[in-house]
Each structure stands twice: as structure tokens, then as C-alpha cells.
Amino acid sequence: MAVGWDGTVITTTNGGANWVKQNSGISETLYSLHLFDFQNAIACGMNGKVYRSTNAGTSWTSISIPNSANYNNLFRIRFINNNIGWFVGEYGTVYKTTNGGSTWTQQTSNAFHSLFSIFPLNENIAWIVGGGGTILKTTDGGVIVSVDNKTEIPPQFSLLQNYPNPFNPATVISYQLTVGNWVTLKVYDLLGREIAILVNEYKQPGNYNCEFKIENGELPSGVYLYNLRAGNISQTKKMLLLK
Numbered sequence: 642m643a644v645g646w647d648g649t650v651i652t653t654t655n656g657g658a659n660w661v662k663q664n665s666g667i668s669e670t671l672y673s674l675h676l677f678d679f680q681n682a683i684a685c686g687m688n689g690k691v692y693r694s695t696n697a698g699t700s701w702t703s704i705s706i707p708n709s710a711n712y713n714n715l716f717r718i719r720f721i722n723n724n725i726g727w728f729v730g731e732y733g734t735v736y737k738t739t740n741g742g743s744t745w746t747q748q749t750s751n752a753f754h755s756l757f758s759i760f761p762l763n764e765n766i767a768w769i770v771g772g773g774g775t776i777l778k779t780t781d782g783g784v785i786v787s788v789d790n791k792t793e794i795p796p797q798f799s800l801l802q803n804y805p806n807p808f809n810p811a812t813v814i815s816y817q818l819t820v821g822n823w824v825t826l827k828v829y830d831l832l833g834r835e836i837a838i839l840v841n842e843y844k845q846p847g848n849y850n851c852e853f854k855i856e857n858g859e860l861p862s863g864v865y866l867y868n869l870r871a872g873n874i875s876q877t878k879k880m881l882l883l884k
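Quick note, the numbering used here runs 641 ahead of the 1-based positions in the sequence shown.
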């Protein structure tokens with residue numbers, strides 16, 4: 642079995658001599674596939690989608706993902722046995738399952754680059770690689786750390802799009818500093834009223850992640866602005882709270 646562009650699923654029953662295209666019913670491009678056996682498979686792809694087939698790829702069922710991996714493209718899915726597996730994707734996305742993909746738990750990578758592949762050695766040890774030379778490792782199946790402790794200096798000042806977006810109740814805002822400076826990161830509503838101050842301190846050059854979390858439903862659904870200011874440079878982006 643193989644997957645690809647616009648939900649393409651093809652199967653073979655003679656070792657690859659001939660292939661049959663299945664009517665998968667999937668519209669998103671699928672980037673990665675794991676086969677448990679001839680009948681059972683799981684795939685991931687664009688827009689945070691994960692699908693399962695139990696009939697050799699003839700039909701597929703969407704699997705619900707917490708926070709929906711919110712529209713981030715998912716590039717690789719890997720299992721070490723029938724129960725334990727991971728998928729990785731854009732903006733440092735990492736999820737793990739311990740029940741064969743029925744449910745998934747988000748893991749914190751503290752990475753802002755896309756993660757392209759994961760290489761699990763066993764249920765505790767796994768390596769992840771991604772853009773910008775990112776190399777990550779976990780030795781307990783959960784806590785993910787960078788292999789290289791050197792600070793990466795970004796090529797330019799940048800405020801990245803929050804993820805997930807839309808979000809509820811929490812989202813991560815990432816930004817890059819080329820030089821050290823006093824930094825403020827604030828959230829506003831569309832009327833310009835200040836909602837939250839996430840950062841207000843001196844920061845060294847580097848890459849940073851900051852969580853914005855809604856407590857006890859204190860904000861209504863809608864569009865909010867977040868502004869990053871470092872010295873005389875300022876950038877603003879929109880994010881959507883969707884309850």
C-alpha cells in the first residue's frame with residue numbers, strides 16, 4: 642500500500658507488480674503511512690489529518706486529534722509495535738499514542754521548525770529531525786530535548802503565526818530575535834484594548850516560544866491581535882479563538 646497527493650491510496654496484492662487505485666474518500670494529501678498488517682493501516686497528511694483503514698485501504702475513517710494538530714501538516718507517522726507510535730509535523734508538532742492510534746496525546750518539543758521524520762528505537766528512545774538542522778531526542782518516551790545546546794541565531798527578526806490556530810483554550814506564539822533587545826509581546830482585541838502581556842523583559846538573540854492560554858472561558862470567541870516589539874521593530878499578527 643502507498644499514499645500520496647490529494648488522498649491517493651494505491652494497493653498491491655502481488656508484491657508491487659500491479660497496483661490498484663482505491664476510492665479513499667480523502668481529499669487531503671497524505672504524506673506518510675504505517676502498515677500494521679495487510680488489512681490495518683494508519684496515515685497522516687495535510688491539515689492535521691490522521692486516517693485509519695481496517696480493510697486493506699478500501700475505506701478510511703478520520704481519527705480525532707486533540708487540538709486537531711490544528712491544521713498543521715503532518716509529515717511522518719511511525720510505530721514501534723501495534724500500540725506505541727508517534728507522528729510529527731509543522732511548527733514542532735509531536736503527538737504520541739499508546740493504544741494503536743485510537744487516541745493521541747500532544748508532546749512538547751519546544752521547536753518552531755517543521756519536523757520531518759521520527760526514528761523510534763523503542764518505547765522510550767526516539768530521535769526527531771527537522772528544518773533548520775533541528776535534532777531532538779527523548780529517552781523516556783515523553784520529554785523531548787534538543788541534541789545541540791548551542792543557540793541558533795535566526796537570520797531575521799520574525800513573529801510567526803501562532804499554532805494551533807484557531808485555538809481553544811491555548812496556543813503557542815513563536816518569535817525570532819537576531820540581536821538582544823528589550824522585548825514585549827502583547828495580546829489585544831480588535832478595539833485595541835490590551836488583553837494580556839506575555840513577555841516584557843530583555844531577551845538574548847534566539848528562537849522563543851510563548852503560550853497564550855484562556856483561563857475559565859474569560860474571553861469570547863473572535864479574532865485577536867498579538868504584537869511583538871523589540872526596540873524600534875514591531876510586528877503584529879491575527880489569531881482566532883474558537884469555542
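Every residue gets a Cβ at the ideal spot worked out from N, C-alpha and C, and that includes glycine. Remember, it's a predicted structure, so these values are computed and weren't measured experimentally.
Candidates the options, of which the one nearest residue i by Cα
{"i": "S668", "options": "S755, N688, I683 and G821", "result": "N688"}
{"i": "T653", "options": "Y672, T699 and V840", "result": "T699"}
{"i": "Y867", "options": "G666, N857 and S799", "result": "S799"}
{"i": "T702", "options": "G648, S787 and T734", "result": "G648"}
{"i": "Y843", "options": "S755, G821, F760 and Q748", "result": "G821"}
{"i": "V784", "options": "L756, G773 and Y736", "result": "Y736"}
{"i": "I721", "options": "G782, S750 and V786", "result": "G782"}
{"i": "S750", "options": "E764, S815, I704 and T744", "result": "S815"}
{"i": "K878", "options": "Q802, I704 and N681", "result": "Q802"}
{"i": "I874", "options": "D830, W823, T780 and L832", "result": "W823"}
{"i": "N713", "options": "N681, H754, G726 and T738", "result": "H754"}
{"i": "G863", "options": "T825, N848, N809 and Q876", "result": "N809"}
{"i": "T738", "options": "G726, K690, C851 and E731", "result": "G726"}
{"i": "T825", "options": "N841, A811 and T812", "result": "N841"}
Integer-rounded CB distance, given that residue j should sit under 8 Å from residue i
{"i": "I706", "j": "H675", "result": "Actually they do not touch by this definition, with Cβ atoms about 15 Å apart."}
{"i": "G742", "j": "L715", "result": "Actually they are not in contact, since the Cβ atoms of G742 and L715 sit about 12 Å apart, beyond 8 Å."}
{"i": "F677", "j": "N723", "result": "6 Å"}
{"i": "I651", "j": "A643", "result": "5 Å"}
{"i": "Q845", "j": "T819", "result": "That pair is no contact at about 11 Å."}
{"i": "P807", "j": "L881", "result": "4 Å"}
{"i": "Y828", "j": "Y865", "result": "What sits at residue 828 in the sequence shown is Val, not Tyr. Right, their Cβ atoms sit about 6 Å apart."}
{"i": "T602", "j": "A752", "result": "Residue 602 is absent from the model: the chain starts at 642 and stops at 884."}
Residue i (DSSP reduced to helix, strand or coil)
{"i": "G733", "result": "helix"}
{"i": "P761", "result": "strand"}
{"i": "W823", "result": "strand"}
{"i": "W646", "result": "helix"}
{"i": "G858", "result": "coil"}
{"i": "G742", "result": "coil"}
{"i": "N873", "result": "coil"}
{"i": "G833", "result": "coil"}
{"i": "D781", "result": "coil"}
{"i": "G698", "result": "coil"}
{"i": "G657", "result": "coil"}
Per DSSP, the bridge partner or partners of residue i
{"i": "V864", "result": "L881"}
{"i": "Q747", "result": "Y736"}
{"i": "K662", "result": "I651"}
{"i": "L671", "result": "G686"}
(message) Closer than 8 Å is the cut-off here; do at least three beta carbon pairs connect the region 765-772 with the region 687-695?
(response) Touching, no, given that fewer than three Cβ pairs across the two stretches are closer than 8 Å.
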